[in-house]
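Written out below as structure tokens is the structure these notes cover.
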Amino acid sequence: AVAGGLVLVSSILYRSRTKFSHNYDIKPNSFQLTVGSIDAKDTKSEVEAYYSAYNTLERGKGAVVTNSAKVAGFVDKFYSMVTDIYEWGWGQSFHFSPLLPGRDWSAAEAAHETRVGAALGLRPGQTALDVGCGVGGPMRTIAASSGAKVVGITINEYQVKRANYHCSKQGLSTQCRAVRGDFMAMPFEDASFDGAYAIEATCHAPRLQAVYSEVFRVLRPGAKFVSYEWVTTPRFNAADARQVAIVDEIVIGNGLPDMRSWVQAEEAGREVGFELLASNDLACAAREHVASWWRDVKWCSNPFEDAEPVSINPWYTRLGRNRVLFRMFATFNAACVRVAETLRLAPQGTSEIHTMLMDTAFALIDGGEAGIFTPMHMLVFQKPAGAKPAKPALAAVEAPVAEDTPAKAKEAGSQGSSQGKSPNAGGNGKRKPGNGGNKGGSKN
């Protein structure tokens, strides 16, 4: 038994070092979780600082980041904390996708991404911008399927390294790359891209108009911008404490400065000069468009009794079709993370981050089932022909893609977005994750 235990521990220790010795080479497992650019010894204090950025931890009271000037650094730290956990538990594409009948989640994910390239009309010889690219899953799919080049921008240096490693590994380093920068002040020339998109990324911006304005500036006249936005839906009731508590959990557990509505997102694009070509929640459709196969889905709520649009693409079921099984799975993963922490294979504080993500996952399921939140409200904007830049260029970076090195971009600050007044009211107890209230977990 002792010998067996020693062999097990030795195996774990060996596996825990594999990622580092190969320099970003593999998807992290339970015993290879890091906190990106954060010093491991500072993880616990950074987690505390993360929570202190919010005006309240009492779900239902309207959670917002109190200092918008610090959002860039806040989002950078958030993604240092969660990137390995996201890639470990979700994959290289940090987003949800509409469920497709008869298809698995990888197919749904690819379809959700290629839809963007099609909406932009990308083709070989063009260059697109991925606004908030993460570790680059979507940009690789879009580049490979469209033949266009893609430049991704993210605030987080660790994500830049992971993204460019994957681009090289998949043979796409001459077609797409990630650079570090703040998408609120992008290091690109005016009118340098043939299209742009953001997939569940601009929800991190302190003000949506600011990031949209930058996208407007770097697009060529006539080019399109497609965004999948995290927003509340027409069903959201700001006077309902339970609904507000769900939204608060989503905000706090996903590094959002605030939550906006779909109307605010539309208005933000118009305000900076875009023409709105389409606005559609890909998670919902009118009753008459509901496919018959959806009626056979027994494991999700089925709101056919009213006349409101209904969810036909239960994106949230990827988190867990059965709450009991999902909770068991989450508990097992949490135990693995705690073991890694105990053996000093993961930084102290990693288990608290994991708990936060599990808490917000259940909130995402709650928000999806209630139809009050969507992570995939698709907005298609176009920069008018002959439009003037929204503001002067900040710095030059060659748009065409070179080798998978982090471009000569000016390092600055943000990958995310959220704007508008918080839609919040109600209460659910001041706490950090894991101490009651809305239980949840995160895909991201």
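Note that the working numbering has the sequence shown beginning at 4, numbered continuously upward. Note that the Cβ used here is the ideal one computed from N, Cα and C, for glycine as well.
Looking at the strands, I want to know which residues DSSP matches up with residue i.
i: aspartate 284; result: His380
i: leucine 132; result: Val154, Ala199
i: lysine 64; result: Partner(s): none; lysine 64 has no beta bridge.
i: leucine 279; result: Phe384
i: arginine 238; result: Partner(s): none; arginine 238 has no beta bridge.
i: arginine 263; result: Val234
i: tyrosine 57; result: Val68
i: valine 138; result: Looking at the DSSP assignment, valine 138 forms no beta bridge with any residue, so it has no partner.
i: leucine 228; result: The identity of residue 228 in the sequence shown is phenylalanine, whereas the question assumes leucine. In DSSP, phenylalanine 228 forms a bridge with Ala199, Phe384.
Hey, could you find the ends of the beta strand (DSSP E) residue i is sitting in?
i: serine 216; result: That residue, serine 216, is in no beta strand (DSSP E); its alpha helix (DSSP H) goes 211-221.
i: lysine 391; result: Counting along the chain, lysine 391 falls outside any beta strand (DSSP E), and DSSP gives it neither H nor E.
i: tyrosine 200; result: 196-202
i: alanine 181; result: 179-183
With residue i and residue j assumed to form a contact (beta carbons below 8 Å), what rounded beta-carbon distance in angstroms separates them?
i: glycine 198; j: alanine 226; result: 5 Å
i: lysine 152; j: cysteine 170; result: Not confirmed; about 11 Å, so no contact.
i: tyrosine 53; j: lysine 80; result: 6 Å
i: leucine 280; j: valine 383; result: 4 Å
i: serine 282; j: glutamate 269; result: 6 Å
i: isoleucine 156; j: valine 182; result: 6 Å
i: phenylalanine 329; j: phenylalanine 277; result: 39 Å between Cβ atoms; not a contact.
i: valine 163; j: leucine 132; result: That pair is no contact at about 15 Å.
i: glycine 370; j: proline 317; result: 12 Å between Cβ atoms; not a contact.
i: aspartate 390; j: proline 190; result: According to the sequence shown, residue 390 is alanine rather than aspartate. Not really, about 21 Å apart at Cβ, beyond 8 Å.
i: proline 101; j: alanine 349; result: Wrong, their Cβ atoms sit about 33 Å apart, outside the cutoff.
Whole angstroms are fine: how far does the CA of residue j sit from the CA of residue i?
i: isoleucine 249; j: lysine 64; result: 11 Å
i: serine 264; j: asparagine 58; result: 20 Å
i: leucine 397; j: tryptophan 93; result: With a pLDDT of only 38 at leucine 397, under the threshold of 50, the placement of this residue in the model should not be trusted, and no figure is reported.
i: glutamine 129; j: valine 234; result: 30 Å
i: tyrosine 215; j: serine 195; result: 15 Å
i: methionine 142; j: arginine 126; result: 14 Å
i: lysine 172; j: histidine 115; result: 23 Å
i: proline 209; j: alanine 388; result: 29 Å
i: leucine 211; j: lysine 386; result: 17 Å
i: alanine 146; j: alanine 241; result: 40 Å
i: isoleucine 253; j: tyrosine 168; result: 30 Å
i: aspartate 284; j: alanine 213; result: 23 Å
i: proline 378; j: tryptophan 108; result: 16 Å
i: asparagine 159; j: threonine 363; result: 22 Å
i: cysteine 339; j: alanine 366; result: 23 Å
i: glutamate 49; j: valine 85; result: 12 Å
i: leucine 346; j: tryptophan 91; result: 19 Å
i: histidine 380; j: methionine 331; result: 31 Å
i: phenylalanine 219; j: alanine 188; result: 12 Å
i: alanine 244; j: valine 266; result: 21 Å
i: alanine 333; j: serine 83; result: 21 Å
i: aspartate 251; j: glutamate 61; result: 8 Å
i: arginine 290; j: glycine 105; result: Note that arginine 290 has pLDDT 44, beneath the 50 cutoff, so the model's placement of it is unreliable and no number is given.
i: glycine 184; j: valine 327; result: 41 Å
i: phenylalanine 335; j: alanine 122; result: 40 Å
i: glutamate 51; j: glycine 124; result: 44 Å
i: glutamate 217; j: tyrosine 161; result: 23 Å
i: threonine 177; j: leucine 222; result: 21 Å
i: phenylalanine 186; j: threonine 236; result: 25 Å
For the alpha helix (DSSP H) containing residue i, list its first residue and its last residue.
i: leucine 360; result: 353-373
i: alanine 343; result: 326-345
i: leucine 123; result: 108-123
i: lysine 73; result: From DSSP, lysine 73 is part of no alpha helix (DSSP H); its letter is neither H nor E.
i: tyrosine 168; result: 160-172
i: alanine 244; result: 244-256
Between residue i and the rest of its own chain, which residues show a CB-CB distance below 8 Å, the 5 nearest in sequence each way excluded?
i: alanine 337; result: Ser354, His357, Thr358, Met361
i: alanine 110; result: Leu103
i: arginine 238; result: Glu311, Ala373, Gly374, Ile375
i: arginine 165; result: Tyr27, Thr86, Glu90, Val138, Gly139
i: asparagine 70; result: Ala56
Leaving out five residues before and five after residue i in sequence, what residues of the same chain have Cβ atoms less than 7 Å from its Cβ?
i: serine 148; result: Thr117, Gly120
i: serine 24; result: Its pLDDT being 38, under 50, serine 24 is placed unreliably in this model, and the value from its coordinates should be taken loosely. The answer is none, since no qualifying residue turns up.
i: glycine 272; result: Tyr215, Leu279, Leu382, Phe384
i: lysine 47; result: Gln351, Gly352
i: arginine 341; result: Ser354
i: leucine 175; result: Arg143, Ala146, Ala147
i: glutamate 344; result: Gln351, Thr353, Ser354
Please return the same chain residues whose Cβ sits closer than 6 Å to the Cβ of residue i, not counting the five positions on each side in sequence.
i: tyrosine 56; result: For the record, residue 56 in the displayed sequence is alanine; it is not tyrosine. Hits under 6 Å: Val68, Phe77.
i: isoleucine 368; result: Tyr319, Leu322
i: serine 96; result: Glu112, Gly140, Pro141
i: isoleucine 202; result: His98, Pro141, Tyr231
i: tyrosine 200; result: Val119, Val229
Does the beta carbon of residue i come closer than 8 Å to any beta carbon on chain D?
i: glutamate 274; result: In summary, chain D is missing from the structure at hand, where a single protein chain is found.
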